[in-house]
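Contents: one structure, followed by commentary.
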Amino acid sequence: MRHLILILFLSLGTYGFAQQLTYTPKNPAFGGDPFNYTWLLNSANAQNPFSDNSLGIDGFGDLTGFDSLLNNQFNNQFGGGTPPLGTSRSGNFEYEVFESTEGLVINILDITTGEQTQVIVPNG
3 MRHLILILFL
13 SLGTYGFAQQ
23 LTYTPKNPAF
33 GGDPFNYTWL
43 LNSANAQNPF
53 SDNSLGIDGF
63 GDLTGFDSLL
73 NNQFNNQFGG
83 GTPPLGTSRS
93 GNFEYEVFES
103 TEGLVINILD
113 ITTGEQTQVI
123 VPNG
């Protein structure tokens, strides 16, 4: 009789407190609540030991001369105007120029280091 009461007590106790577990993500990028975004960003920034100045970056500063610098580089490399379509090589750089739906695409490859840069000049 005691065993029957014990078994009955244990079986009712586990059945009464059982629930289905569901996973709810916290990060809004993975389907979580969008209101968590600010909290997650502030938490990440608080834990970040780096700052822009500690990396030696003073920011972009004044970009007024950037346009003329870019035009001067193009004029020096291609003699003015747009670069010819196709692949060309100048010094340690290889240029691949083609038209796409986004505009004129210029892929620049540094042959010595393998570093690549892509410049897209939009249509318009």
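Note that the sequence shown covers residues 3 to 126 in our numbering. Note that the Cβ used here is the ideal one computed from N, Cα and C, for glycine as well.
Phenylalanine 11 sits in a helix when the DSSP states are folded into three classes.
Rounded to whole angstroms, the Cβ separation of leucine 42 and asparagine 29 is 6 Å, and the two are in contact under 8 Å. Here phenylalanine 32 has no same chain residue with a Cβ atom under 6 Å from its own Cβ, once five neighbours each way along the sequence are excluded. For serine 92, the enclosing beta strand (DSSP E) begins and ends at 88–92. Between glutamate 104 and threonine 24, the alpha-carbon positions lie close to 44 Å from each other. Exposed is the label assigned to valine 123, since fewer than 16 other Cβ atoms lie within 10 Å of its Cβ.
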